[in-house]
Amino acid sequence: MRLPKLKRIITDPDEFLSDGQLKSLSMELLELIPLDGIEGSPLDSEQIMEVVLRAAVDTTSVNAVTENTEDTPDRKAVMDWLHTLEKESMLDAVNDVLALLAMTVLDRERSRTICLDFMDNPFHGYPDDEDEIRRMKARDGTTKCHCYCTAFVLAQGKPLTLAIEPVDGDDSKADAVERVLARVEQYPFETEQILMDRAAYAGELIGVLRETAPPVFPVKTGKDSLREKLSAPASHMTEETICEGKEHEQTYPLAVNVTYHNGDRGKSGLKQIGYAAYGLKDRTPHQVAAIYNHRSRIEKSYEKFREARALTTTPSTTIRLFYVGVGFLLEQLWVVVEWAVLARPRRGGRALPVGFAFSAVFLHGIERVLDEELGWKQKRRTNGEGLPSGYDHGLG
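Okay, structure coming up:
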């Protein structure tokens, strides 16, 4: 799998980068995803992917795109084609393209800290397969969701997505993490450390993480012994055991970091947070907290992919997963282009451009090109009444 246009632009860029080039690069990524299509159909995958791309960059639906353009197939034709996506081959292709993009800017020789995250995508309606639905706390009027486990790495302060895996309803989080880490292990660099949120605090999952690299994550209070250690007035390093006497028992180094709320969220007094700190026994609790906060500081940036996710009411989990994959691919392309092509070399590192926002510039630029190519219908809603008859004021 190769990305010839991207390689040329990264290694030998023109003086200026146009919106047309961004659209062309985006289509190059999407056309690497296998789409069998309908036998005997006069359409081709490029026509379908253009509709999907237009829906993604404006976070709208395929139906909205086909209704408002002159030169696109109708909605049924597009959706019929999308229903020929095969889940596993599509998912493999998305992950392969993510890896190709990531490795254009990552050093193969340098070990990396990997961040893992679970993301819920609220679901309304009735799915094709109830087994692929998970439950979550009520949000957006539903408790049903599709869930995805993702791995990303921080490079020059920017998140690069390394792998994505869907988490079905009967999946354990340990199984999902194991699948994601199996993809991460295909990268040429070594994994030095894994950062994860409180979801990691389960004996079986901790065991899976430790097979790859030492994990660091906040702990959940619950046990009396843990609650007592977290109530200490001063920072300290100690140990704690989870799943004591059970199959997945784990004894971990516990870093209790004590600071002050200082009015944060209206709170005052001591603020005590505990971290499982595998591989960090020689660090202070404050250093452990600083290492973990390296992850939390960029979570908001990482979820920019939601700004490039097409909307849909389809019950197809495969198509929904594909739309999520498209969002991740577009975010990854934006990060790579920003870093490799637009950032200015300077002493001590590159200076990132300040005017290349993901949604307002990158996505909107692609949208403008597609609107022209697809014949977007320029409509303006009227008030439906106009002026009263006889109200001429010089008209007519």
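When you number the sequence shown by our numbering, it's gap-free, plus one each residue, and the end is 452. Here a beta-carbon is modelled for each residue, glycine too, at the ideal position from N, C-alpha and C. Note that the coordinates shown come from a computational prediction; the quantities given were computed from them, not determined experimentally.
Option in the options with minimal Cα separation from residue i
i      : options                           : result
Ile298 : Thr315, Lys276 and His292         : Lys276
Asn523 : Val344, Val425, Thr116 and Leu251 : Nothing can be reported for residue 523: it is not among the residues displayed for the chain, which extend from 57 to 452.
Tyr331 : Tyr316, Asn349, Gly325 and Gly96  : Asn349
Met293 : Glu359, Pro371, Ile89 and Asp338  : Asp338
Thr140 : Thr115, Ala120 and Ser97          : Ser97
Gly470 : Tyr358, Tyr308, Tyr316 and Thr67  : Here the chain has residues from 57 to 452 only, and residue 470 is not among them.
Lys128 : Lys143, Thr116, Arg110 and Glu142 : Note that residue 128 is Thr in the sequence shown here, rather than Lys. If we check each option's Cα against that of Thr128, Arg110 comes out closest.
Leu172 : Arg402, Val410, Arg254 and Arg424 : Arg254
Leu99  : Asp130, Ser287 and Ile89          : Asp130
Ala155 : Phe384, Val417, Glu95 and Glu188  : Phe384
Glu387 : Leu162, Lys193 and Phe361         : Phe361
Arg283 : Pro271, Val272, Glu296 and Phe273 : Glu296
Glu186 : Lys302, Val240, Ser117 and Val223 : Val223
Ser287 : Val417, Leu86, Leu326 and Leu73   : Leu326
Tyr204 : Glu241, Lys229, Gly301 and Ala346 : Lys229
Pro341 : Pro274, Ser291 and Lys285         : Ser291
Lys214 : Ala366, Phe414 and Arg436         : Phe414
Leu157 : Leu408, Gln242, His420 and Leu218 : Leu218
Identity of the residues DSSP links to residue i by a beta bridge
i      : result
His202 : Asn177
Thr125 : Trp432
Val209 : Ile170 and Leu216
Ile250 : Ile170 and Pro271
Pro222 : Tyr204
Tyr50  : What the structure shows of the chain is the stretch from 57 to 452, and residue 50 is not part of that stretch, so it cannot be assessed.
Ile298 : Gln306
Arg190 : Cys201
Ala232 : The partner list for Ala232 (beta bridge, DSSP) is empty, contrary to what the question assumes.
Tyr316 : Leu326
Close beta carbons around residue i, own chain, < 6 Å, minus the five adjacent residues each side
i      : result
Ile104 : Val134 and Trp137
Thr374 : Leu141 and Lys143
Glu303 : none
Phe418 : Trp390
CA-to-CA distance, residue j to residue i, given in whole angstroms
i      : j      : result
Glu305 : Thr268 : 18 Å
Lys61  : Phe208 : 25 Å
Thr368 : Pro178 : 12 Å
Asp227 : Ser281 : 31 Å
Leu216 : Leu210 : 6 Å
Asp320 : Glu355 : 19 Å
Pro444 : Ala364 : 44 Å
Arg406 : Arg400 : 5 Å
Leu162 : Gly442 : 60 Å
Met159 : Gly301 : 43 Å
Ser372 : Leu81  : 27 Å
Ala149 : Gln328 : 44 Å
8 Å Cβ shell around residue i - same chain, five flanking residues per side excluded
i      : result
Asn439 : none
Met83  : Glu102, Met105, Glu106 and Leu109
Glu165 : Phe245
Leu147 : Ile220, Glu221, Pro222, Leu377 and Gly381
Residues near residue i by beta carbon distance below 7 Å, same chain, minus five either side
i      : result
Val425 : Asp75, Gly76 and Lys79
Glu248 : Ser167, Arg168, Thr169 and Ala269
Leu91  : Ser101, Ile104, Trp137, Thr140 and Leu141
Touch check for the stretch 391-404 and the stretch 66-79: three-plus C-beta pairs under 8 Å?
yes
With three or more C-beta pairs closer than 8 Å as the rule, is the stretch 107-127 touching the stretch 423-443?
Result yes; three or more Cβ-Cβ pairs closer than 8 Å.
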